[in-house]
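The next block holds one structure in the form of structure tokens; read it before the comments.
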Amino acid sequence: MSLSPELLLHAYSIGIFPMAEHRDDPEVFWVDPKRRGVFPLGEFHISRSLARRLRRSSYRASIDQNFTGVLDGCADRADTWINEEIRAHYITLHKRGHAHSQEIWDGDTLVGGVYGVILGAAFFGESMFSRRTDASKMALAYLVDRLKQTGFRLFDTQFLTPHLASLGAKEITRAAYHHQLEVAINNDADFCAALEQHPQGVIQRITQTS
Numbered sequence: 007m008s009l010s011p012e013l014l015l016h017a018y019s020i021g022i023f024p025m026a027e028h029r030d031d032p033e034v035f036w037v038d039p040k041r042r043g044v045f046p047l048g049e050f051h052i053s054r055s056l057a058r059r060l061r062r063s064s065y066r067a068s069i070d071q072n073f074t075g076v077l078d079g080c081a082d083r084a085d086t087w088i089n090e091e092i093r094a095h096y097i098t099l100h101k102r103g104h105a106h107s108q109e110i111w112d113g114d115t116l117v118g119g120v121y122g123v124i125l126g127a128a129f130f131g132e133s134m135f136s137r138r139t140d141a142s143k144m145a146l147a148y149l150v151d152r153l154k155q156t157g158f159r160l161f162d163t164q165f166l167t168p169h170l171a172s173l174g175a176k177e178i179t180r181a182a183y184h185h186q187l188e189v190a191i192n193n194d195a196d197f198c199a200a201l202e203q204h205p206q207g208v209i210q211r212i213t214q215t216s
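Quick note on numbering: the sequence shown equals residues 7 to 216 in the working numbering.
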């Protein structure tokens, strides 16, 4: 079965996602982890150093200003699961409003970001990258704040890594994930809603409910 944007969305709706062994491998396989990584939106952890960097940094945050740049930044590593077919279909999903990016900028230079797919009130985080200290953590902080403010119910991280765990992500069973997924995709959220995301406001909103 050939990959398509429609097949990708269906896969996410039933709890699976695609990967390739490496960027030059034309084959794509489906992943359905027994235990799933998720970010409880009220439990994101902002360390003192990250809060200080958010307050003092001259970096700028945005959404969807350079989706392809974020996608390519995530693939710009020695070992990546993003092959050309996956890359092309995520770009198509973005153009159709089903994939979005959170960017961090240093002037006109893209220095960090995260991207993912949305269905209903579920955000399926795919990958992130950083070219400056804590840039990916800053992108996640802005993203979590946006998801909370715009009605999302689920932030799927696919797997739990030590890095994500340090920020508040947790691992849940497949059954618990499917329950959360069903609730989320049957609700509505507006990722692109106009928001005022000043760093101090982001910090306050996250820490008030964490």
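Beta carbons are placed, not taken as given, at the ideal position from N, Cα and C, and that holds for glycine. Here the structure is a predicted model, which is why all the values come from computation and not from measurement.
Here S53 carries a coil assignment [DSSP, helix/strand/coil].
Exclusion of the five residues before and after E33 leaves A26, E27 as the residues of its chain whose Cβ lies within less than 8 Å of its Cβ.
Under DSSP, S68 shares a beta bridge with E109. For the set R137, T167, V150, L99, the Cα lying nearest the Cα of L160 is the one of V150.
About 17 Å separates the beta carbons of A141 and I212, which is beyond the 8 Å limit, so they are not a contact pair. Excluding sequence positions up to five before and after A17, its CB lies within less than 8 Å of the CB of F23, P24, W36, all in the same chain and listed in chain order. In terms of Cβ geometry, A81 and R62 do not form a close pair [threshold 8 Å]. The beta carbons of G118 and F135 sit closer together than 8 Å.
Between F130 and T156, the gap from beta carbon to beta carbon reaches 8 Å or more. Runs of beta strand (DSSP E) with 3 or more residues, each lying fully within the segment 70-134, are found at 105-112, 115-125, listed in chain order. The segment 97-110 makes contact with the segment 62-77: 3 or more CB pairs, one atom from each, lie closer than 8 Å. The alpha carbon of L9 has as its nearest neighbour, out of T98, A171, E188, the alpha carbon of T98.
A straight line joining the alpha-carbon of H100 with that of P205 spans about 26 Å.
Looking at the DSSP output, P24 bridges to W36.
Note that the C-beta distance between A127 and A181 is not below 8 Å. Taking C-beta atoms as the reference points, F45 and T163 count as a pair closer than 8 Å.
With respect to H95, L15 sits apart: the two C-beta atoms are not nearer than 8 Å.
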